[in-house]
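Residue numbers (our numbering), protein chains in the order written: chain A, 1 to 148; chain B, 1001 to 1148.
Ideal placement from N, C-alpha and C gives every residue a C-beta, glycine not left out.
Protein chains: 2
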Amino acid sequence: MGMLARIIDPDEWLIALRENGCRVTDVQEMLVRILAHAESPLSAEQAWEAARQIRPETGRATVYRTVEKLEGLKLLRRIHGYQGCSHFMPTLPEPMMLFICLVCGRADYLDSQPLDDLIHQSEQASGHHITESRLQLFGTCAICQQNR
Amino acid sequence: MGMLARIIDPDEWLIALRENGCRVTDVQEMLVRILAHAESPLSAEQAWEAARQIRPETGRATVYRTVEKLEGLKLLRRIHGYQGCSHFMPTLPEPMMLFICLVCGRADYLDSQPLDDLIHQSEQASGHHITESRLQLFGTCAICQQNR
DNA sequence: TTTCAATTGATACCACGTATCATTTACGTC
DNA sequence: GACGTAAATGATACGTGGTATCAATTGAAA
């Protein structure tokens, strides 16, 4: 269990789903638990694989639909990584920068306040109105550096 | 003709290709001109479409191969945008932040020195070794704001 | 319990991208 | 300029990730 487990609560995702007019099924609850506890970015295919180990009859389309729904509610965030752009991580309540270790795959969130300031400056300097920013960092995490 | 036309020189791309052991064909030259002059991110399919208007017998695989080669030489840079992650823009000689207008699609490069400093700070604070960063900004460009 | 819209899973389908391979082409060498 | 060879090309077939469809099932409000 990593850092995120203390912050992301699957039950709150279920509440959010209900609040948005969804009928929460057992399948969705299982998927929410799988996705909310992920410590490295998970693709829909990977989530499907994990789901079928618990409940083999789980359908592929269901997983894609659920992931899409959770992304729409901003509970999941799409990761634009090295091996494709179809992996997902839980979104933190506060906007933060994301670091991904290229060795172990683990994700870590970093304070983004300085980035927010920087974006604000760029906005004023360029005259553009910036509505969304996407910053992801890649490299070797502190632990993997020691295990060399 | 926009800002990039003054900075990106297709002929230098051809030189770079030759220097890397490629045999530059007419097809490649045409594709290089199409891609080097793009002012908004272009997908391989879009580049293929543009190529066939000039030379209808152009093959699909050729376009994908050329784009891949140019990306490998860091002459093209992959854009992780809203409509997929398969669009490409010319890489500027200096690393810079990229802004994309969601209204007109045009891309604009912004000074990234402050970002480099920020990443360096994050690196020291977290203990991670950061080898690559990816920042893209989205919003409404100065021109499109006026045309409202 | 009833009712109905949301959800599900099977199937078929589509788009984007890739492997294969015979033919053509660039370009160093003679 | 002609030659030889390795790279590039384009047609075709194939693979994979993702989506549309639809009959059957299920959640939850009344």
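Exposed or buried, which one is residue i when buried takes at least 16 other CB atoms within 10 Å?
i                 : result
Pro1093 (chain B) : exposed
Ile119 (chain A)  : buried
Asp1108 (chain B) : buried
Thr1091 (chain B) : buried
Ile34 (chain A)   : buried
Ala1061 (chain B) : exposed
Ile8 (chain A)    : buried
Gly21 (chain A)   : exposed
Gly1059 (chain B) : exposed
Pro1056 (chain B) : exposed
Ala47 (chain A)   : buried
Would you kindly check if the distance between the Cβ of residue j and the Cβ of residue i is under 8 Å?
i                 : j                 : result
Phe1088 (chain B) : Leu1137 (chain B) : no
Cys1101 (chain B) : Cys1141 (chain B) : yes
Arg1134 (chain B) : His80 (chain A)   : yes
Met1030 (chain B) : Ala1051 (chain B) : yes
Ala1036 (chain B) : Leu1073 (chain B) : no
Leu1110 (chain B) : Met1097 (chain B) : yes
Trp13 (chain A)   : Val32 (chain A)   : yes
Thr1131 (chain B) : Gly139 (chain A)  : yes
Pro95 (chain A)   : Ser122 (chain A)  : no
Can you find a CB in chain A that lies within less than 8 Å of the CB of residue i?
i                 : result
Asp1108 (chain B) : yes
Ala1044 (chain B) : no
Gly1105 (chain B) : no
Met1001 (chain B) : Residue placement at Met1001 (chain B) is poorly supported in this model, since its pLDDT is 38, which falls under 50; the coordinates still yield a value, given next. No, Met1001 (chain B) lies away from the interface with chain A (no Cβ there is under 8 Å from its Cβ).
Leu1118 (chain B) : yes
Leu1076 (chain B) : no
Gly1114 (chain B) : It should be pointed out that residue 1114 (chain B) corresponds to Pro in this sequence rather than to Gly. At least one chain A Cβ lies under 8 Å of Pro1114 (chain B).
Arg1134 (chain B) : yes
His1080 (chain B) : yes
Ile1034 (chain B) : no
Ile1007 (chain B) : no
Gln1145 (chain B) : yes
Ser1122 (chain B) : yes
His1129 (chain B) : yes
What are the boundary residues of the alpha helix (DSSP H) that residue i is part of?
i                : result
Asp11 (chain A)  : 10-19
Ile119 (chain A) : 113-126
Let me see if you follow: with CB-CB separation under 8 Å, is residue i close to chain B or not?
i                : result
Ser126 (chain A) : yes
Met96 (chain A)  : no
Ala142 (chain A) : yes
Gly72 (chain A)  : no
Phe99 (chain A)  : yes
Leu92 (chain A)  : no
Phe138 (chain A) : yes
If I follow the unbroken beta strand (DSSP E) through residue i, where does it start and stop?
i                 : result
Glu1039 (chain B) : Where Glu1039 (chain B) is concerned, there is no enclosing beta strand (DSSP E), given that its DSSP letter is neither H nor E.
Gln136 (chain A)  : 129-140
His87 (chain A)   : 87-90
Leu73 (chain A)   : Here Leu73 (chain A) belongs to no beta strand (DSSP E), and DSSP marks it neither H nor E.
Met97 (chain A)   : 97-101
Tyr109 (chain A)  : 107-110
How about the region 56-67 of chain A and the region 1055-1072 of chain B: do they share at least three Cβ pairs that are nearer than 8 Å? Under the three-pair Cβ rule at 8 Å, the region 56-67 of chain A does not count as touching the region 1055-1072 of chain B.
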